[in-house]
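Q: Read in UniProt numbering, the sequence shown has 90 at position 90, and its numbers run on one by one without any break.
C-beta atoms are modelled at their ideal positions from N, C-alpha and C, and glycine is treated no differently.
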Amino acid sequence: MANQTVNLASVPSSILNSQQTANEQNFTIRMSCIRTMPNRSLRATITDSYTPENINTNGILKNQPTLDNKSNVDVQLRDENNIPLEIGKLTTIYNVPAGSNATTFTKTLKARYFRSEAKAEPGFVQTQATVFFDYQ
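1. Figure out for me which residue from Ala118, Ala111, Thr104 and Gln128 has the closest Cα to the Cα of Arg35.
2. What is the residue span of the beta strand (DSSP E) that Gln25 lies within?
3. Compute the distance between the beta-carbons of Ala111 and Leu8, then report whether it is under 8 angstroms.
4. Does residue 206 come out as helix, strand or coil in the three-state DSSP assignment?
5. Three-state secondary structure (DSSP) at Asn69?
6. Quick check on DSSP: helix, strand or coil for Ile15?
7. Could you give the residue range of the beta strand (DSSP E) that holds Tyr50?
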């Protein structure tokens, strides 16, 4: 999987203070295998690169701790069914159908701002995730 950047558009803090999330952006990850894997699972561990001890089931990547002018806002990752991705835990992200001859798999994910404190402040948000794949 290649490195990629997902940019979320700017949002007024007043919007985040009224609804907790904003500016969802779809993005696609593409995984390539060297051989077919019918009836198997592709599993991944998504790690918060800036805060590796951040382990949660609500898909929250913490804002970079050393960032100047932080905003009390993090980023939430969700799958195409709007289910938050687990951070820091090995989970199945794709089930390869029986009889499949595919070696490349595509998964659509979503990122959005997530107000993590009582009040969002004007400022910056920068998060980073590292994804480790496990082919079962």
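A: The answer reads as follows:
1. With distances taken between Cα atoms, Arg35 lies closest to Thr104.
2. Start and end: Thr21 to Ser32.
3. The answer is yes: Cβ separation under 8 angstroms.
4. The requested residue 206 is not part of the displayed model; the chain covers only 1 to 136.
5. DSSP places Asn69 outside both helix and strand once states are collapsed to three, so it counts as coil.
6. In the structure shown, Ile15 sits in a helix (DSSP, three-state: H, G or I).
7. First-last for Tyr50: undefined, no H or E at that position.
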